[in-house]
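Asks: Pasting a structure below so you can have a look.
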Amino acid sequence: MKSPKIAIDASHFNEFAFDGLNRYIGEILRAVDRQSEDFTIYTAADGVSSRFPHRLCKIASRTIYQNNFRGNFSRLLWHQTAFPHKLARDDISLVYSPVPEGMLFPTCPQVITIHDLLPLFFPETYPR
């Protein structure tokens, strides 16, 4: 039985930002690199290519990781169009997303981390 090919959706990752989410994604990438032989990172971040060159699938859009309307819209569009095709092309068995964004019609099973449910329970305190 062949081992599963795992994908990490690091489309939101910005290696120059030091907030909690980017730190979490960076730690996930380092941990998976130590534990797994067969995984692929999908990202637009430049610094990732120097640390994981043999595991990288570069996303062309440089705005995709930006936390603004343009970046969020680019990432949403990419998740629903290009990403499923790339996963199928690369014969990915499972995709992990460390942010609460995913495909509506996935081409493989996906695992999505939701870090904080407070905005769902208290939308007046956490406006979008």
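Numbered per this note's numbering, the sequence shown finishes at 144, counting up by one with no gaps. The beta-carbon is built from N, C-alpha and C at its ideal position, and this holds for glycine as well.
If I'm right that Y58 touches D35 with Cβ under 8 Å, what's the distance once you round it to whole angstroms?
Replies: Within the sequence shown, numbered from 1, the residue matching residue 58 stands at position 42. Within the sequence shown, numbered from 1, the residue matching residue 35 stands at position 19. The Cβ separation is near 20 Å, so there is no contact.
Asks: Express the C-alpha separation of I130 and E117 in angstroms, rounding to a whole number.
Replies: Here residue 117 refers to the residue found at position 101 when the sequence shown is read from its first residue. Here residue 130 refers to the residue found at position 114 when the sequence shown is read from its first residue. Rounded to the nearest angstrom, the two C-alpha atoms are 9 Å apart.
Asks: With DSSP as the reference, please indicate the residues paired to F68 in a beta bridge.
Replies: By one-based count along the sequence shown, residue 68 stands at place 52. Answer is none; F68 lacks a bridge partner.
Asks: Look at the Cβ atom of P20, then the Cβ atom of L110, and state whether they are nearer than 8 Å.
Replies: Within the sequence shown, the letter at position 4 stands for residue 20. Within the sequence shown, the letter at position 94 stands for residue 110. Contact: yes.
Asks: If we require 3 or more residues per run, which beta strand (DSSP E) segments fall completely within the segment 60 to 125?
Replies: 72 to 74, 110 to 113
Asks: Please list, in chain order, all residues of the same chain as P100 whose beta carbon is under 7 Å from its beta carbon, the five residues on each side excluded.
Replies: Residue mapping note: residue 100 aligns to position 84 of the sequence shown, counting from 1. Taken in chain order, the residues that qualify are M119, F121, P122, T123.
Asks: Hey, how far is the Cα of Q51 from the Cα of K18?
Replies: By one-based count along the sequence shown, residue 51 stands at place 35. By one-based count along the sequence shown, residue 18 stands at place 2. Those two C-alpha atoms are separated by around 17 Å.
Asks: Grab the span of the alpha helix (DSSP H) containing A47 for me, first residue to last.
Replies: Counting from 1 along the sequence shown, the entry for residue 47 is found at position 31. Looking at the DSSP string, the run of the alpha helix (DSSP H) that includes A47 is 36 to 51.
Asks: Would you decide whether R91 is buried or exposed? Buried here means 16 or more other CB atoms lie within 10 Å of its CB.
Replies: One-based indexing of the sequence shown puts residue 91 at position 75. Counting Cβ neighbours within 10 Å, R91 comes out buried, since at least 16 surround it.
Asks: May I have the straight-line CA-CA distance separating D54 from I22, to the nearest angstrom?
Replies: Start at 1 with the first residue of the sequence shown, and residue 54 comes out as number 38. Start at 1 with the first residue of the sequence shown, and residue 22 comes out as number 6. Taking the straight line joining both Cα atoms gives about 6 Å.
Asks: Taking the continuous alpha helix (DSSP H) assigned at F29, which residues delimit it?
Replies: Here residue 29 refers to the residue found at position 13 of the sequence shown. Boundaries for F29: no alpha helix (DSSP H) harbours it, and the DSSP string shows neither H nor E there.
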